[in-house]
Amino acid sequence: MVTRAFATGLRVAVDSPKLLVALWCVLFLAAVPFGLMMQQEIQEAIGPSRVGQTLLERMDLVWLGEFREGSDGLRSTLQPATTSAFDFLHNLDLVLGGRLVLQHPALVAAGAGYALLWLFLLGGLIDRYGRGENRPGLSQLLAAAGRNILRLLGLLLLSAPFYVGTALGAMWALKKLAQALRDVTSEATLLHIYLAVVIPLLLILALVMLVFDYAKVAAVLEDEKNPLKALRRGLRFVTSRPLAVGGLAALVVTCTLVLIALRTLMDFGTAEGTVIGVLAVFLLGQLFLLARLVLRLTLVAGEVSLYRSAHGQPAGLTSDDSIVDR
Amino acid sequence: MSDLGRGEQIAKAIGVAAICLLAALAGRAWAAPADTSQGSAALEESARSPRNANYTIEVRLDTSERRLEGSQTLTWTNIQAQPTSELWVHLYWNAFRNRHSTWMREDRIRGRAESRDKIKEGDWGYLEVDSVTLEDGTDLTGSMSFRSPDDENEEDRTVLVVALPRPVAPGETVSVQMKWRSKIPRTFARTGFRGDFYFIAHWFPQLGVYQANGWNCHQFHAGTEFFSDYGVYDVSLRVPSGYVLGATGRPLAVTDNGDGTTTHRYRQEDVHGFTWTTSPDYLEVLDHFEHDGLPPVDIRLLLQPEHEAQAARHIAATKAALEHYGTWFGAYPYGHVTVIDPAFGSGAGGMEYPTLFTAGTRLFNPEGGGNPEGVTIHEAGHQFWYGLVGNNEFESAWLDEGLNTFSTARTERVAYGESVHVERFLGPPGNAGSGFFAVRVKGYGYGDRPYLERLGPYRPDAASDRQDTPSWRYYPGSGRNLTYSKTALWLQTLENWLGWETLQRGMSTFFARWKFRHPTAEDFFAVADEATEKDLRPFFESVMSSQTFDYGIQSVATFKTQNEGFVEEGDKLVYLPPSEDDDEKDAEGDAEASGPKKTYRSEVVARRYGDGVFPVDVLMVFKDKHEIRVPWNDDARWRLFTQTHTAKLDYAVVDPEGVLALDLRPSNNSAQVKATPGLPAWKWTARWTVWLQDLLAAFALFV
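One line per chain: the protein sequences are P and Z, in this order. The letter at position 143 of the first sequence is residue 215 when you use the working numbering, and the numbering goes up by one with no holes. The letter at position 392 of the second sequence is residue 396 when you use the working numbering, and the numbering goes up by one with no holes.
As structure tokens, this is what we get:
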């Protein structure tokens with residue numbers, strides 16, 4: 073069931089290139105204003121200096137130090153971790169370390185805005201996938217999104233205390249752990265202990281995320297406007313099929329980690345010094361982002377497929393097998 | 005026959021005899037000088053230092069209470085020309101006694117105190133002297149008092165003064181016995197315990213240095229290290245059996261006491277301190293250094309078991325330091341060195357002690373990333389700058405830290421080449437930057453000037469203090485950057501300016517002349533002038549101030565020399581229009597073009613943005629690759645450089661070879677006539693944008 077749901081999700085995801093491109097455009101356009109600001113800052117900082125020649129061959133850390141000095145704005149985010157093949161790993165570090173919301177306020181605001189946009193589109197995606205439309209048309213997608221946004225917002229608000237609670241609980245646990253481990257003098261021991269504690273915490277977080285994922289699916293597919301009832305359905309679904317739910321999520325997470333690993337392996341240095349070279353590196357990065365979007369859609373479509381299968385519907389999404397009869 | 009009766013005469017004789025006996029006994033306490041090597045003629049002959057402060061110490065470690073109980077005999081000779089009636093003694097561990105010590109106050113100022121909010125009772129440390137007696141039994145315990153010569157902090161207990169019953173004359177020796185006990189701190193800095201790991205440094209009552217202007221015995225400050233006289237240390241350490249022990253010096257004997265403890269006796273001559281460490285977990289690795297022209301050195305590495313795979317890296321780095329420092333400056337004379345890989349999180353890493361030093365590494369440390377090689381070379385290097393050349397680290401810390409930082413960078417370059425940038429990921433939450441896992445990141449570095457890595461730490465504090473401020477008076481948050489980074493940068497400037505051979509001659513002369521002694525900054529400057537045969541005073545005065553250096557090119561422009569506008573022709577004014585511009589032909593100085601070659605007037609405005617003055621060149625490079633170099637040796641704030649040439653100016657650079665390593669902003673040293681910052685800006689923006697897009701997508705994980 074898990075592999076079928078995953079395969080279905082993946083098939084649906086890659087089978088809708090226009091949707092993928094549209095989602096990629098949203099992600100790209102959300103970043104463009106900041107990109108333009110950063111480009112302007114870098115260009116002004118280089119000015120007429122010949123350091124520009126050096127920067128075409130490699131990152132000059134002396135120049136980078138001057139560029140970042142004293143800045144707590146956007147400039148401070150330009151660093152090796154954010155301009156190399158380890159950028160995805162850096163962000164994974166931020167997520168796992170609870171530092172995502174500690175980034176520059178403008179970036180956090182943009183991230184929140186993008187997340188809300190994604191939530192909006194998610195309602196449409198679940199609705200269309202639920203109706204068996206593997207390639208939802210834009211107007212239908214947006215219409216469905218508009219129909220479902222309020223219930224999804226309700227679930228988002230409901231999820232906030234759970235996420236905050238999980239985060240606070242994790243922070244409390246880790247603080248206690250740090251105090252308990254103050255006399256551990258082996259880094260390996262420390263690492264193992266942290267893994268032993270952090271992994272269950274991550275599983276709790278994953279559980280919260282999955283419950284709300286299926287709550288959203290239930291809210292849309294079963295036309296449930298009450299977020300509490302939708303949450304109950306999501307919780308019931310997850311607890312009654314933990315292996316299937318967990319298995320699907322684990323598959324997607326594994327693929328994401330493989331993607332991040334592949335990205336880090338593509339550390340070819342920073343010597344692209346021509347327009348074509350710059351474009352090539354940029355496009356390679358976009359390819360990875362596209363792959364991430366594919367995996368995200370795979371998860372959404374896979375979850376819908378799993379939900380449908382559990383309700384006696386065929387897992388494969390066809391236009392005759394919609395749960396929702398409108 | 006006197007008027008006194010016989011009985012009275014006998015009593016008087018007995019009284020005189022008693023007085024003579026007492027005088028003789030007292031005289032033993034202040035014996036004539038010379039035999040500071042405890043009576044061994046062989047040792048006297050081999051004495052390399054004044055050996056005027058010698059210690060025989062017995063100490064017992066109580067691991068259950070985290071305490072030390074010790075007794076010591078300090079034999080001190082007054083080698084100055086004036087007497088003294090006091091002994092000034094450092095009690096360093098009292099810095100960790102409570103929050104009101106000078107060290108703790110300054111630690112708060114420099115911003116580290118936030119992490120010390122939860123200090124438990126067992127974490128604090130102290131050193132209590134229970135008794136002080138002269139060799140003849142005279143009890144001086146009541147004459148002890150605490151002083152705070154630096155900041156009058158009456159609650160600071162790191163300087164103890166013992167008043168003597170009579171002055172110690174020049175050349176005289178006094179022998180003092182002390183009994184003391186201490187509570188080992190849970191490491192605040194460098195020394196203490198973590199779990200079963202003990203690193204015991206500056207742990208016993210240690211005499212200050214008596215100099216021509218009195219006792220030099222500063223309070224313990226958060227930003228400074230140590231200063232003491234050379235002598236012989238004979239130390240017996242009683243620790244739990246089964247604990248591996250490393251210490252200054254060579255082991256003389258190991259004795260099982262039969263009560264679950266073992267006594268390790270160590271001895272070392274001609275050092276100015278004694279440090280030891282013990283843990284049941286150490287792995288021992290032995291190796292041997294040999295190099296033509298240098299004396300052999302036994303290397304003993306005490307390693308954490310989880311770092312066993314990095315043993316060879318520690319050994320290789322130690323050997324690199326012994327080889328290069330020995331070849332460049334002077335031989336390491338002791339014949340042995342102990343390298344300690346401290347326990348993780350112990351706070352004891354990256355520090356130097358006589359014939360022993362701590363390195364420090366991580367579970368995952370990729371080769372080529374600079375560590376543990378960098379810290380190992382640096383701390384091994386301190387055996388030369390600090391250990392052998394014993395400057396006062398309270399007052400001129402840069403004399404060891406700065407010289408050593410420069411020497412470390414040079415050794416790393418020669419032995420390992422350019423290091424690769426390393427990023428760390430996935431650490432304990434809340435601990436950004438200290439990730440467990442490390443990756444090498446290609447394409448990020450300092451090019452052919454790796455020493456410019458020091459510019460980043462130096463720049464924010466460049467003007468914070470005069471470098472010749474006594475180190476203990478630096479602003480606590482900035483002293484380190486002046487001491488380490490600024491000094492290394494101006495030494496690099498000297499190398500770039502005078503050549504390595506000349507600088508090396510200066511540094512090796514300084515080493516040879518001042519090893520086993522206590523040089524000051526003035527001593528260094530004097531040797532530098534003499535050995536380099538240059539008057540470096542203006543340079544030293546400038547770098548010792550808080551002046552900053554920053555040369556840059558403000559603007560570059562190039563014009564046709566042909567005039568434009570109204571010109572006289574005969575008795576009339578004639579208008580000359582602007583001539584057409586043909587860049588390609590102009591650039592190549594096309595010989596085939598008909599008519600006379602065009603000439604161009606190029607103007608370069610160079611600025612001195614910083615206060616510091618340094619002789620620099622301004623290089624003008626033209627489109628036909630022709631170069632003109634003009635020296636700028638005055639103190640003007642700006643200069644206009646002009647040249648007429650048959651090709652247009654391409655770009656100009658001030659200090660093109662980067663001689664002035666102290667230049668705060670090397671990026672403004674050049675300017676192109678036709679600037680093209682667009683492509684590099686887009687390149688790095690494009691990379692950054694991919695990261696940003698992924699970051700935004702990460703927010704959507706939670707909806």
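We put the beta carbon where it would ideally sit given N, CA and C, even for glycine.
Annotation for Z/Pro189: no beta strand (DSSP E) segment contains it, and DSSP assigns it neither H nor E. Take the alpha-carbon of Z/Arg198 and the one of P/Glu141: they are about 36 Å apart. Across the stretch 614-629 of chain Z, no CB contact with chain P closer than 8 Å is found for any residue.
If you check the CB distance, Z/Trp692 and P/Thr336 do not come in under 8 Å. Counted as a single uninterrupted DSSP element, the alpha helix (DSSP H) harbouring P/Trp244 occupies residues Leu210 to Ala252. The Cβ atoms of Z/Leu623 and Z/Val560 lie no closer than 8 Å to each other.
Excluding residues up to 5 positions away in sequence, Asn500 and Trp501 lie with their Cβ nearer than 6 Å to the Cβ of Z/Val663 in the same chain. Taken through DSSP and simplified to helix, strand or coil, P/Val256 comes out as coil. In this chain, the beta strand (DSSP E) harbouring Z/Met148 covers Met148 to Phe150. Ranked by Cα distance from Z/Val657, the options Z/Ala702, Z/Pro432, Z/Ile557 and Z/Leu407 are led by Z/Ile557. P/Glu296 and P/Ser377 have their C-alpha atoms roughly 18 Å apart.
Take Z/Asn82, set aside five residues on each side of it, and the residues of its chain with a beta-carbon closer than 6 Å to its own are Val172, Pro174 and Glu176, in chain order.
In the displayed model, P/Val292 falls within a helix according to three-state DSSP. In this structure, the CA atom of Z/Lys564 is about 9 Å from the CA atom of Z/Thr650. Nearest in C-alpha terms to Z/Val178, of all of Z/Phe544, Z/His386, Z/Glu139 and Z/Leu644, is Z/Glu139. Of the candidates Z/Thr362, Z/Gly218, Z/Ser438 and Z/Glu69, Z/Glu69 places its Cα closest to the Cα of Z/Ser186. In the displayed model, Z/Met511 falls within a helix according to three-state DSSP.
Closest by C-alpha distance to P/Thr126, out of Z/Val707, Z/Ala685 and Z/Lys519, is Z/Ala685. Taking 3 residues as the shortest admissible run, the stretch 379-456 of chain Z contains the following complete beta strand (DSSP E) segments, listed from N- to C-terminal end: 425-429 and 441-445. Apart from the 5 residues on each side of it in sequence, Z/Asp291 sits with its Cβ closer than 6 Å to the Cβ of Ile303 and Ile319 in its chain, given in chain order. In the assembly as shown, Z/Ser89 is an exposed residue. Its beta-carbon has fewer than 16 other beta-carbons within 10 Å. By the rule that beta-carbons nearer than 8 Å mark a contact, P/Met131 touches chain Z. A Cβ-Cβ distance of about 7 Å is found for the pair Z/Ser232 and Z/Ala57, placing them in contact under the 8 Å criterion. Chain-order list of chain P residues neighbouring Z/His425: Leu133 and Pro152, by C-beta distance under 8 Å. Annotated as proximal: Z/Ala442 and Z/Gly373, with beta-carbon spacing under 8 Å. Around Z/Val136, the same chain offers Leu144, Thr145, Met148, Val166, Val180 and Met182 as residues with beta carbons nearer than 7 Å, after the five sequence neighbours per side are excluded. A straight line joining the alpha-carbon of Z/Trp642 with that of Z/Val620 spans about 12 Å. At least one CB atom of chain Z sits nearer than 8 Å to the CB of P/Ile114. In the DSSP assignment, Z/Thr265 falls within the unbroken beta strand (DSSP E) covering Thr265 to Val275. Interface with chain Z (8 Å Cβ-Cβ cutoff): P/Gly318 is excluded. In the structure shown, Z/Leu326 falls within a helical segment according to DSSP collapsed to helix, strand and coil. Cα atoms of P/Leu351 and P/Leu359: separation of roughly 12 Å, rounded to the nearest angstrom.
Your pair Z/Gly439 and Z/Arg453 does not check out as a contact, with CB atoms roughly 28 Å apart and the cut at 8 Å. Note that the C-beta distance between P/Ala217 and P/Leu193 is below 8 Å. With contacts defined by Cβ atoms closer than 8 Å, P/Leu179 and Z/Leu699 form a contacting pair. Of all residues in the stretch 516-549 of chain Z, none places a beta-carbon less than 9 Å from a beta-carbon of chain P.
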